[in-house]
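Protein sequence lines correspond, in order, to chains A and B. One point on numbering: in the numbering used here, the residue at position 292 of the first sequence is 328, and numbering is uninterrupted. One point on numbering: in the numbering used here, the residue at position 114 of the second sequence is 150, and numbering is uninterrupted.
Protein chains: 2
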Amino acid sequence: MDSTRTTIKELARRSGVSIGTVSRALNGYADVSEATRERVLQLARELNYAPAAAARTLVTSRSNVIGVFLETGEGHPDLQHPFFHEVLVGLKDTLGKGGYDLLLFASESPQGGLGEHSRLSRCRQHHVDAVAVMGLPHDDAQLRELARSSVPCVGVDVEVFGPASSYVMSDNVDGGHRATAHLVQLGHRRIATICGRLDTRPGVDRLRGYRDGLAEGALGYRDEYVRGGDFYVESGRAAAHELLALDEPPTAIFAAADLMAAGVLQAAAERGLSVPGDLSIVGFDDIMHAAHLGPGLTTIRQDKTGLGTTAGQAILAAVAGEDGGSPEPATLPVSLVQRGTTGPPAAR
Amino acid sequence: MDSTRTTIKELARRSGVSIGTVSRALNGYADVSEATRERVLQLARELNYAPAAAARTLVTSRSNVIGVFLETGEGHPDLQHPFFHEVLVGLKDTLGKGGYDLLLFASESPQGGLGEHSRLSRCRQHHVDAVAVMGLPHDDAQLRELARSSVPCVGVDVEVFGPASSYVMSDNVDGGHRATAHLVQLGHRRIATICGRLDTRPGVDRLRGYRDGLAEGALGYRDEYVRGGDFYVESGRAAAHELLALDEPPTAIFAAADLMAAGVLQAAAERGLSVPGDLSIVGFDDIMHAAHLGPGLTTIRQDKTGLGTTAGQAILAAVAGEDGGSPEPATLPVSLVQRGTTGPPAAR
DNA sequence: TTGTAGGCGTTATCAT
DNA sequence: ATGATAACGCCTACAA
């Protein structure tokens with residue numbers, strides 16, 4: 037008895053009115069007598085009625101579902117990067133309150149036997165009302181296609197331009213700047229950086245901030261002090277070893293992600309270097325564990341949950357405002373959190 | 037031209053056959069001439085056709101979507117606990133390969149104006165083919181209702197019994213045992229524990245393992261050496277302070293989660309205790325950062341991604357095997373990872 | 001091999 | 001205020 041879904045038709049039968057009336061009653065239309073509405077609602081509760089999303093979607097062409105592309109790339113399980121979780125928290129929370137559920141795209145091929153299909157296709161297939169994308173390089177071709185379409189699309193840390201698209205990200209340039217300025221101020225003159233992926237805005241921007249910081253401190257830019265990373269631990273460790281093996285090794289390193297900073301910490305330990313005595317380290321993100329890394333990781337805090345919340349709001353706005361018009365891209369401020377991994381360079 | 041979805045009808049019109057034929061061609065039925073099938077498929081690709089999930093769901097009553105309940109409770113943003121992310125990685129990966137997408141339930145109330153509705157209702161509303169639940173206490177009433185229903189349901193770290201339900205979890209008892217045995221073996225005799233929530237199986241089981249370990253080491257169980265926690269950092273820190281303030285403080289603490297162990301580390305630092313000199317610590321989970329916590333956290337590793345994968349497989353099996361019959365609950369082995377936070381007790 | 005038509009559960013447009 | 005009825009896009013007998 038419990039196993040079969042109760043439909044609007046069932047409600048109609050039981051309450052003795054037509055299915056049209058039931059629908060109106062349920063949806064709070066005005067032109068329905070208080071008596072019948074009450075009866076229908078009552079019945080709906082008793083029978084545990086829940087509208088069939090599929091049917092409703094079919095006719096209204098709205099699903100109340102927001103798609104999420106969070107790529108679990110080959111060697112890069114983005115879902116594993118702590119940054120995204122916190123964003124997801126904000127996103128889920130905001131969207132949930134707005135009455136939306138999240139569809140996490142996982143399947144590569146459509147239901148039919150056709151081969152892979154594009155992100156846009158997947159969105160259309162599920163009729164998502166909008167999409168959030170994160171972790172994608174900004175030159176993802178399918179993302180461009182998606183952005184050009186009419187499906188509202190907001191990127192987190194990924195620039196997306198289109199008729200109904202927008203994006204949110206932290207002020208990464210400022211962050212890179214603050215990190216570097218902090219080191220300059222402590223008296224460091226040999227400051228290196230380990231970049232994030234340069235096919236992402238955060239990667240590029242943080243590097244730019246670093247250069248700004250150097251310039252401001254009247255320190256020359258040295259190619260050998262700039263190493264590539266991919267936001268994950270291991271890349272940080274490897275890059276740090278390279279840097280520390282230099283003839284004139286840096287006395288401070290700005291890693292464009294806390295995870296990479298953890299790698300640097302590891303490398304320092306492996307070389308018997310003390311932090312911050314022999315080496316100062318600044319990270320980026322302020323992940324949950326930053327305080328527990330080494331003597332406490334000095335880092336640039338970004339409001340990760342806030343990014344999710346903001347993205348969620350942008351999505352809600354895009355979905356509500358029938359008239360297209362993409363929301364303004366949002367930039368959230370960052371701040372320096374000073375902990376134990378930074379100090380003045382060793383006197384020599 | 038790109039903005040309007042191409043439907044099966046459109047394909048029919050363009051290819052000059054009936055919509056029924058198109059459907060059959062698309063779905064790989066045998067009774068379709070090779071010629072027409074080719075023509076239809078070709079057209080479908082050109083026009084970027086993707087079947088409307090809603091329509092298909094309506095008629096087949098299958099959605100190719102798996103629901104996920106990952107509760108972001110009040111003070112407990114479960115989505116923020118690193119454990120779940122890794123599980124999610126495995127889940128998403130496995131299910132994705134099986135052709136399923138994930139619906140992350142976020143909205144509390146149904147689309148109509150009715151109030152909140154039960155988990156079961158939410159599943160039915162979206163016609164999810166199955167559900168994965170994690171982070172819920174096993175006495176969640178709505179979970180029981182869900183499990184009793186015909187919707188296949190598999191729990192991760194939460195026991196769920198029902199006609200089409202099952203669950204996967206690590207061998208938590210063994211884990212608690214190993215952790216304690218390790219400390220016993222090092223020579224500790226005053227071993228305390230900080231439990232996880234006792235309304236969860238992992239919480240209860242790890243505690244049981246701890247008791248087993250004590251017994252095996254011929255150490256008496258002392259109530260004062262058992263403190264409650266909730267798997268998060270702060271609870272670990274608070275409990276550790278209580279323990280360390282005891283007249284006869286423990287020389288070792290087994291924290292039933294790495295996050296709580298991080299809290300213990302923090303408390304130790306606050307009291308000027310050296311680890312492992314003054315205090316040995318064992319965690320549970322082996323989260324990504326365990327190696328970077330303090331001098332490297334000794335912990336019980338559980339295969340988090342494996343839990344997700346296993347859960348995913350159970351779901352795929354449940355969905356495929358039309359004939360109900362709940363899969364066997366699975367238990368994954370754990371292992372001790374020895375790092376820097378454990379050592380023999382200080383001689384005295 | 002292919003076309004026709006009914007139905008899945010809702011909403012929305014007409015009448016009444 | 002309420003009742004028919006036509007979509008929505010697709011699948012699936014049933015005919016042809």
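Beta carbons: idealized from backbone N, C-alpha and C, even for Gly.
Report yes or no: is there a C-beta of chain B within less than 8 Å of the C-beta of A/Arg50?
Translated into the one-based positions of the first sequence, residue 50 of chain A becomes position 14. So no, A/Arg50 is outside the interface.
Kindly list the residues whose CB is nearer than 8 Å to the CB of A/Ala66, restricted to its own chain and excluding five residues on each side of it in sequence; keep chain order.
As a working note, residue 66 of chain A is residue 30 in the first sequence. Counting only Cβ-Cβ distances below 8 Å, and skipping sequence neighbours, we find nothing.
Should A/Thr345 and A/Thr377 be called a contact, given that it needs their Cβ atoms to be closer than 8 Å?
The residue you call residue 345 of chain A lines up with position 309 of the first sequence. The residue you call residue 377 of chain A lines up with position 341 of the first sequence. Not closer than 8 Å, so no.
Going by C-alpha distance, which of B/Val68, B/Ser69, B/Leu62 and B/Arg247 is nearest B/Leu77?
Walking along the second sequence from the start, residue 77 of chain B turns up at place 41. Of the candidates B/Val68, B/Ser69, B/Leu62 and B/Arg247, the one whose C-alpha sits nearest the C-alpha of B/Leu77 is B/Leu62.
Reduced DSSP secondary structure (H/G/I, E/B, other) of B/Thr229
For this step, residue 229 of chain B is matched to residue 193 along the second sequence. Looking at B/Thr229 - three-state DSSP - the assignment turns out to be strand.
Distance, Cα to Cα, B/His126 vs B/Gly348?
Here residue 126 of chain B corresponds to residue number 90 of the second sequence, with the count starting at 1. Here residue 348 of chain B corresponds to residue number 312 of the second sequence, with the count starting at 1. A small fix is needed here, since residue 126 of chain B is Gly in this sequence, not His. The straight-line gap from Cα to Cα measures roughly 7 Å.
Counted within 10 angstroms of its Cβ, other Cβ atoms place A/Gln221 as buried (16 or more) or exposed
As a first step, residue 221 of chain A must be located in the first sequence, where it is residue number 185. A/Gln221 is exposed by the Cβ-count criterion.
I need the straight-line Cα distance from A/Asp322 to B/Thr236, nearest angstrom please.
Along the first sequence, one-based indexing puts residue 322 of chain A at 286. Along the second sequence, one-based indexing puts residue 236 of chain B at 200. Distance between the alpha carbons of A/Asp322 and B/Thr236 is about 30 Å.
So, using beta-carbon positions, are B/Thr216 and B/Ala292 closer together than 8 Å?
Within the second sequence, numbered from 1, the residue matching residue 216 of chain B stands at position 180. Within the second sequence, numbered from 1, the residue matching residue 292 of chain B stands at position 256. Taking 8 Å as the Cβ cut-off, B/Thr216 and B/Ala292 do not qualify as a contacting pair.
Quick one, are the C-beta atoms of B/Gly198 and B/Ala177 less than 8 Å apart?
Residue mapping note: residue 198 of chain B aligns to position 162 of the second sequence, counting from 1. Residue mapping note: residue 177 of chain B aligns to position 141 of the second sequence, counting from 1. No. Outside cutoff.
Cα-Cα separation between A/Val53 and A/Val68, rounded to whole angstroms
Taking the first sequence and counting its residues from 1, the one referred to as residue 53 of chain A is at position 17. Taking the first sequence and counting its residues from 1, the one referred to as residue 68 of chain A is at position 32. Approximately 11 Å, taken between the alpha carbons.
Rounded separation between A/Ser316 and B/Lys340 - CA only
Indexing the first sequence from 1 puts residue 316 of chain A at position 280. Indexing the second sequence from 1 puts residue 340 of chain B at position 304. When rounded, the distance between both Cα atoms is 33 Å.
Apart from the five residues just before and just after A/His121, which ones in its own chain have a Cβ nearer than 7 Å to its Cβ?
The residue given as residue 121 of chain A occupies position 85 in the first sequence. If we look at A/His121 and ignore the five residues flanking it on each side, it has no Cβ neighbours.
Contact list for B/Phe320 against chain A, beta-carbon separation under 8 Å
Residue 320 of chain B sits at position 284 when you count from the first residue of the second sequence. Neighbours of B/Phe320 on chain A: none; closest Cβ ~16 Å, over 8 Å.
Does B/Met296 come out as helix, strand or coil in the three-state DSSP assignment?
The residue given as residue 296 of chain B occupies position 260 in the second sequence. Helix at B/Met296.
Whose CA, out of B/Gln374, B/Ser206, B/Val240 and B/Glu306, lies closest to the CA of B/Ala366?
Taking the second sequence and counting its residues from 1, one reaches residue 366 of chain B at position 330. Nearest option by C-alpha distance: B/Ser206.
How about A/Gly308: is its C-beta nearer than 8 Å to some C-beta of chain B?
Working through the first sequence from its first residue, we reach residue 308 of chain A at position 272. So, not an interface residue.
A/Leu139 vs A/Gly191 beta-carbon contact at 8 Å
Your numbering for residue 139 of chain A matches position 103 in the first sequence. Your numbering for residue 191 of chain A matches position 155 in the first sequence. In this structure, A/Gly191 does not lie closer than 8 Å to A/Leu139 by Cβ.
Decide if B/Met37 is buried, meaning its Cβ has at least 16 other Cβ atoms within 10 Å, or exposed.
Within the second sequence, residue 37 of chain B is the residue found at index 1, counting from 1. Because B/Met37 carries a pLDDT of 38, less than 50, the predicted location of this residue cannot be relied on, and the following value inherits that uncertainty. With fewer than 16 Cβ atoms within 10 Å of its Cβ, B/Met37 is classed as exposed.
Figure out for me which residue from B/Ser186, B/Glu252 and B/His174 has the closest Cα to the Cα of B/His163.
Translated into the one-based positions of the second sequence, residue 163 of chain B becomes position 127. That would be B/Ser186, whose Cα lies nearest to the Cα of B/His163.
Given that a residue counts as buried once 16 or more other Cβ atoms are within 10 Å of its Cβ, and exposed if not, what is B/Leu282?
The residue you call residue 282 of chain B lines up with position 246 of the second sequence. By the 10 Å Cβ count, B/Leu282 comes out exposed.
Chain B residues whose Cβ lies nearer than 7 Å to that of A/Gly191
To locate residue 191 of chain A, count along the first sequence from 1; it is residue 155. Going along chain B, no residue has its Cβ under 7 Å from A/Gly191, so there is no contact; the nearest lies around 19 Å.
Quick one: give me the first and last residue of the alpha helix (DSSP H) that B/Tyr246 is part of.
In the second sequence, counting from the first residue as 1, residue 246 of chain B sits at position 210. Arg237 to Glu252 is the extent of the alpha helix (DSSP H) around B/Tyr246.
Flag B/Ala304 as yes if its beta-carbon sits less than 8 Å from any beta-carbon of chain A, otherwise no.
Translated into positions along the second sequence, residue 304 of chain B becomes position 268. No, B/Ala304 does not count as interfacial toward chain A.
For the beta strand (DSSP E) that contains B/Phe320, what are its first and last residues?
Residue 320 of chain B sits at position 284 when you count from the first residue of the second sequence. B/Phe320 -> beta strand (DSSP E) spans Ser316 to Asp321.
Helix, strand or coil: which one does DSSP assign to B/Asp210?
As a working mapping, residue 210 of chain B is identified with position 174 in the second sequence. Helix, per DSSP.
Of the residues A/Gln161, A/Ser157, A/Val355 and A/Gly223, the one placed nearest A/Glu181, counting alpha carbons only
On the first sequence, residue 181 of chain A is found 145 positions in, with the first residue counted as 1. The candidate whose alpha carbon is nearest that of A/Glu181 is A/Ser157.
Going by DSSP, which residues form a beta bridge with A/Ala166?
Start at 1 with the first residue of the first sequence, and residue 166 of chain A comes out as number 130. Paired residue(s): A/Ile102.
Could you check which residue in A/Leu309, A/Gly308, A/Ala305 and A/Gly332 has the C-alpha nearest to that of A/Val318?
Sequence index remark: in the first sequence, residue 318 of chain A carries index 282 (1-based). If we check each option's Cα against that of A/Val318, A/Gly332 comes out closest.
Cutoff 8 Å: A/Thr93 Cβ touching any chain B Cβ
Position 57 of the first sequence, counted from the first residue, corresponds to residue 93 of chain A. Closer than 8 Å to some Cβ of chain B, the Cβ of A/Thr93 qualifies, so yes.
Applying the criterion that 16 or more other CB atoms from any shown protein chain within 10 Å of the CB defines a buried residue, is B/Val95 buried or exposed?
Locating residue 95 of chain B in the second sequence gives position 59, counting from the first residue. Its Cβ having fewer than 16 others within 10 Å, B/Val95 is exposed.
Where the alpha helix (DSSP H) containing A/Leu372 begins and where it ends:
Within the first sequence, numbered from 1, the residue matching residue 372 of chain A stands at position 336. Where A/Leu372 is concerned, there is no enclosing alpha helix (DSSP H), although the beta strand (DSSP E) it sits in stretches over Val370 to Val373.
Would you decide whether B/Asp294 is buried or exposed? Buried here means 16 or more other CB atoms lie within 10 Å of its CB.
Taking the second sequence and counting its residues from 1, one reaches residue 294 of chain B at position 258. The residue in question, B/Asp294, is buried, as its Cβ has 16 or more Cβ neighbours within 10 Å.
So what's A/Phe197 in DSSP terms, helix, strand or just coil?
Against the first sequence, residue 197 of chain A aligns to sequence position 161. Coil at A/Phe197, not helix or strand.
Starting from B/Thr335, trace the alpha helix (DSSP H) in both directions and tell me its first and last residue.
Numbered from its first residue, the second sequence carries residue 335 of chain B at position 299. Premise fails: B/Thr335 lies in the beta strand (DSSP E), Thr334 to Gln338, not in any alpha helix (DSSP H).
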